[in-house]
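Undergrad: Submitted below is the structure of interest, expressed as structure tokens.
There are 2 protein chains.
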Amino acid sequence: MERKFHEELGNLKRDLLDMGSLARAMVGNAVNGLRDRDADLIRKVHEQEQEINRLQLELDDRCFTLSALHQPTASDLRLIIAVIKITSELERVGDTAVNVAEAAEELLQEPPVKPLIDIPRMADIAQTMVHDSLRSLVNGDIELANAVLRTDDEVDQLRDQVANELVSFMLNDPRTISRALQLLLISRFLERIADHATNIAEDVIFIVKGADVRHGAAVGTQGIASREADEQIKQQGQGQR
Amino acid sequence: MERKFHEELGNLKRDLLDMGSLARAMVGNAVNGLRDRDADLIRKVHEQEQEINRLQLELDDRCFTLSALHQPTASDLRLIIAVIKITSELERVGDTAVNVAEAAEELLQEPPVKPLIDIPRMADIAQTMVHDSLRSLVNGDIELANAVLRTDDEVDQLRDQVANELVSFMLNDPRTISRALQLLLISRFLERIADHATNIAEDVIFIVKGADVRHGAAVGTQGIASREADEQIKQQGQGQR
């Protein structure tokens, strides 16, 4: 029973990685489709959205079943709840990739403005952040999760840089305004994808360390939720029953 | 033990409502501060951010403790997991209110462009959606949760309308570009706040109905996670042990 439970937790992590690969592929297809002006590639993002939605429902369902059937310890429960939170982050990465695809479709109706500034680079970084945040979960690698948090600042800087360049563009030639706005929107969407990866990395640090790093909460302040508290909770539970 | 558990679940719901009121107040202060050009009101949003972050940590902690100490049934477990997801939505409403406040602070550095088009109206609707999504949880009111989902379309329409008006603004007078862009950004942030309320309403429908309405999944397809499955899960659990 115990072994089966941990086997299923392992499967869950593996399938979460696959869901992450799909989310990244969606971002890649939307931005590469824009770069290569390839409408077919962009259309693919809409099909992939169905699949990522299906995966979220399936994985969440398995999480609920697992935690209802077994009585997980506090640390396993934290993992299961983190997975449910992460499927929702990944589904939103997918949603946001669809937003990028829609803006790209608008842009394909008109002649190109000019090279896409740092947008492809932002997309690369955001995709890597999604990948690394999930790898940090599977490998229990806090260092990697922390690296994801740091990279988010880089994405914010790129977003500001892209915004400045696009504004001077619009000022120089007001005929580019509506196209420049779509690009501005796309850079905002990519920033949001990086934010989702950041949220995942924070959840990973929370479950691996048993500590809450959100909002700069110090390790140990969340005593009851920490790994060491598993034992304490068990004892309390027995005492009260 | 059982009574204490349900009493604590009740307290959790009540405190979640308070957290929602704080999130709504943050949105209100940011947008009213912009409308009245009141820098003090806008500054308040930054202080409130500390408080909403603290509330998230505290409520999550209580959820983890509750589910580790008691062995909740599938439906109670769904409620607890939904609360953890909802605190994270509300914290992001707060984050997004801070984004609105920052854009408003930029705008206060310059002379006003003109009345704020439909931005105050978008803010009102988004705040009401946050309130209604939480009320639907506390009262188990599926009808209200469904109304929140429908209102989201209205917000999306307002966002498009605001964008169109701002673009014609920029075209007519390119000197307004940077200010119009801040307003555009604010309308996007308000749309995102409405999205968070929509996510909450979907979670509420999920726990009340025991069915997953996300991605148009039909009631009953998530059999194992449904209220009726509580019994089935108990039996399976006993059989396997």
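Those protein sequences? They're chains R and S, same order as listed.
Heads up: the first sequence at position 84 corresponds to 84 in this note's numbering, and the numbers run straight through without jumps.
Quick note: to get this note's numbering, add 1000 to the position in the second sequence (first position is 1).
Beta carbons are placed, not taken as given, at the ideal position from N, Cα and C, and that holds for glycine.
Identify whether V1167 (chain S) lies in helix, strand or coil by the three-state DSSP scheme.
TA: Residue state, collapsed to three classes: helix.
Undergrad: Quick check on the DSSP output: the alpha helix (DSSP H) that includes H1046 (chain S) runs from which residue to which?
TA: Note, H1046 (chain S): alpha helix (DSSP H), A1039 to L1069.
Undergrad: Is P112 (chain R) helix, strand or coil by DSSP?
TA: Coil at P112 (chain R), not helix or strand.
Undergrad: What separation, rounded to the nearest whole angstrom, lies between the Cα atoms of R1179 (chain S) and V93 (chain R)?
TA: Rounded to whole angstroms, R1179 (chain S) to V93 (chain R) spans 29 angstroms at the Cα level.
Undergrad: Flag G1020 (chain S) as yes if its beta-carbon sits less than 8 angstroms from any beta-carbon of chain R, otherwise no.
TA: Not an interface residue.
Undergrad: Taking 8 angstroms as the threshold (beta carbon to beta carbon), is F1064 (chain S) in contact with chain R?
TA: It does: the Cβ of F1064 (chain S) has a partner Cβ on chain R nearer than 8 angstroms.
Undergrad: Please classify V1117 (chain S): does DSSP put it in a helix, a strand, or coil?
TA: Here residue 1117 (chain S) is Ile; the residue named in the question, Val, does not match the sequence. Of the three classes helix, strand and coil, the one that applies to I1117 (chain S) here is coil, per DSSP.
Undergrad: Would you report the Cα separation of L16 (chain R) and R24 (chain R), rounded to the nearest angstrom?
TA: Cα-Cα distance, rounded: 12 angstroms.
Undergrad: Would DSSP call V219 (chain R) helix, strand or coil?
TA: With a pLDDT of 37 at V219 (chain R), under the threshold of 50, the modelled position of that residue is not reliable, and the figure given next carries that caveat. If DSSP states are grouped into helix, strand and coil, V219 (chain R) belongs with coil.
Undergrad: Can you tell me whether P1072 (chain S) is helix, strand or coil according to DSSP?
TA: The answer is coil: DSSP assigns P1072 (chain S) none of H, G, I, E or B.
Undergrad: Starting from the beta carbon of A1145 (chain S), find every residue of chain R whose beta carbon is closer than 9 angstroms, and list them in chain order.
TA: Neighbours of A1145 (chain S) on chain R: none; closest Cβ ~17 angstroms, over 9 angstroms.
Undergrad: Residues in its own chain within less than 7 angstroms of D1060 (chain S) by CB, not counting five upstream and five downstream?
TA: Here the set comprises I1084 and T1087.
Undergrad: CA-CA distance, A97 (chain R) and L1069 (chain S)?
TA: Computed Cα separation, rounded: 40 angstroms.
Undergrad: Any idea if N1029 (chain S) is buried or exposed, counting beta-carbon neighbours within 10 angstroms, 16 or more meaning buried?
TA: By the 10 Å Cβ count, N1029 (chain S) comes out buried.
Undergrad: Measuring alpha carbon to alpha carbon, tell me which of S:L1066, S:I1125, S:L1116 and S:E1143 ends up nearest Q1157 (chain S).
TA: Considering only alpha carbons, the answer is S:I1125.
Undergrad: Using the beta-carbon count (16 or more within 10 Å), is I233 (chain R) buried or exposed?
TA: Confidence in I233 (chain R) is poor, its pLDDT being 41 and thus under 50, which makes the residue's placement unreliable; the coordinate value appears in the next sentence. Buried, by the Cβ-count rule.
Undergrad: In three-state DSSP terms, what is A15 (chain R)?
TA: Correcting the residue identity first, residue 15 (chain R) is Asp in this sequence and not Ala. In this structure, D15 (chain R) counts as helix in the three-state DSSP scheme.
Undergrad: Using 8 angstroms as the Cβ pair cut-off and three pairs as the minimum, do the region 1143 to 1161 of chain S and the region 157 to 176 of chain R touch?
TA: Output reads no: the region 157 to 176 of chain R does not touch the region 1143 to 1161 of chain S.
Undergrad: Look up G94 (chain R) in the DSSP assignment and say whether it is helix, strand or coil.
TA: It is helical.
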